[in-house]
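Residue numbers (the numbering used here): 33 to 222. Below you'll find the structure, written out as structure tokens, and then a few comments.
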Amino acid sequence: MAAGDNKSPQTGGKGRLRPFLGPVRGATNLLDWSGRIIVFACLTSMFAALLVNVVLRYAFGAGIAWAYEIHAILLPWLVAGGLVIASARAGNISVTILSDVLSGRRRLVLNFMVQATIFVISVSILWSSQPILKASQFQTLSTLGIKQVWGYSSIAFAFGAMALLAVFGLLRTLSGEDITDRDPALASLS
């Protein structure tokens, strides 16, 4: 066996190990963890703000006014983080009838087309959201005084990450890896 013929554990020992796939998987995991951190921070912050507001309302008859506005910033980030997590784990809602029927090269071609479509859609959303991001720089939340661009910038994070994940999926597909061939027991989140 030659030095470049190391068998790939990801394909059950079939084919060579692609050295560039390690950084691709590492970047995918990094995006997954960034989404997890964002989701955790948003959920924790929103829950804490609501809890403090409820306690203050019952204890003193008046809550904190900004507790109602903080969700305008954090909820879009919560959704964006969840979208990135689902994309990184290939756990988005999908119809897999065609993918389940196809195998071999045909399945790889379908995977390539799906990832290319996701890339085009993500870049299109990034491009078309620019006027919204520019306009939100002039909108301010009344109580917090925070510009709305902080909430809307979650669009750039979510769809920028999805575009990167689609590129990573394209690279994995071009290397011959079947990115839709997942063990159902490992794919379940329940």
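Where a beta carbon is used, it is the ideal one built from N, C-alpha and C, also for glycine. These figures come from a predicted structure and were not determined experimentally.
Quiz item: How long is the line joining the alpha carbons of A99 and L196, rounded to whole angstroms?
Solution: In the sequence shown, residue 99 corresponds to position 67, counting from 1. In the sequence shown, residue 196 corresponds to position 164, counting from 1. One C-alpha to the other measures close to 34 Å.
Self-check item: Cβ-Cβ distance between A148 and A198 below 9 Å
Solution: One-based indexing of the sequence shown puts residue 148 at position 116. One-based indexing of the sequence shown puts residue 198 at position 166. Yes, they are a contact pair.
Quiz prompt | Three CB pairs or more closer than 8 Å across the region 49–69 and the region 78–96 | solution = no
Self-check item: Simplified DSSP state of T172, which is helix, strand or coil
Solution: Within the sequence shown, numbered from 1, the residue matching residue 172 stands at position 140. In this structure, T172 counts as strand in the three-state DSSP scheme.
Quiz item: Hey, how far is the Cα of A114 from the Cα of M145?
Solution: The sequence position of residue 114 within the sequence shown is 82, counting from 1. The sequence position of residue 145 within the sequence shown is 113, counting from 1. Note on identity: in this sequence residue 114 is Gly, with Ala being the wrong assignment. Cα to Cα, G114 sits roughly 24 Å from M145.
Quiz item: If you pair each beta-carbon of the region 152–164 with each one of the region 179–187, do three or more pairs fall below 8 Å?
Solution: yes
Quiz prompt | Residues sharing a beta bridge with P166, DSSP | solution = As a working note, residue 166 is residue 134 in the sequence shown. The residue asked about is misnamed: residue 166 is Lys in this sequence, not Pro. Answer is none; K166 lacks a bridge partner.
Quiz item: Between the region 203–211 and the region 130–143, do three or more beta carbon pairs fall short of 8 Å?
Solution: yes
Quiz item: Alpha carbon to alpha carbon, what distance is there between V116 and T128?
Solution: As a first step, residue 128 is located in the sequence shown; it is residue number 96 there, counting from the start. As a first step, residue 116 is located in the sequence shown; it is residue number 84 there, counting from the start. Cα to Cα, the separation comes out at about 20 Å.
Quiz item: Quick one: Cα of G177 to Cα of S168, how far?
Solution: Counting from one through the sequence shown, the residue named residue 177 turns up at place 145. Counting from one through the sequence shown, the residue named residue 168 turns up at place 136. Between G177 and S168, the C-alpha separation is close to 13 Å.
Practice problem: On a CA-only basis, which of V111, D132, A80, L202 is nearest G67? Give me that one, please. | Solution: Translated into positions along the sequence shown, residue 67 becomes position 35. When only C-alpha atoms are compared, the closest one is V111.
Practice problem: Keeping to the same chain, check which residues put their C-beta closer than 8 Å to that of L206; ignore five residues upstream and five downstream. | Solution: Numbered from its first residue, the sequence shown carries residue 206 at position 174. Answer for L206: F144, listed in chain order.
Quiz item: Just the Cα atoms here: how many angstroms apart are V71 and I164?
Solution: Along the sequence shown, one-based indexing puts residue 71 at 39. Along the sequence shown, one-based indexing puts residue 164 at 132. Using only the alpha carbons, I get a separation of about 23 Å.
Exercise. Mark R204 as exposed unless 16 or more other C-beta atoms lie within 10 angstroms of its C-beta, in which case mark it buried.
Key: In the sequence shown, counting from the first residue as 1, residue 204 sits at position 172. R204 is buried by the Cβ-count criterion.
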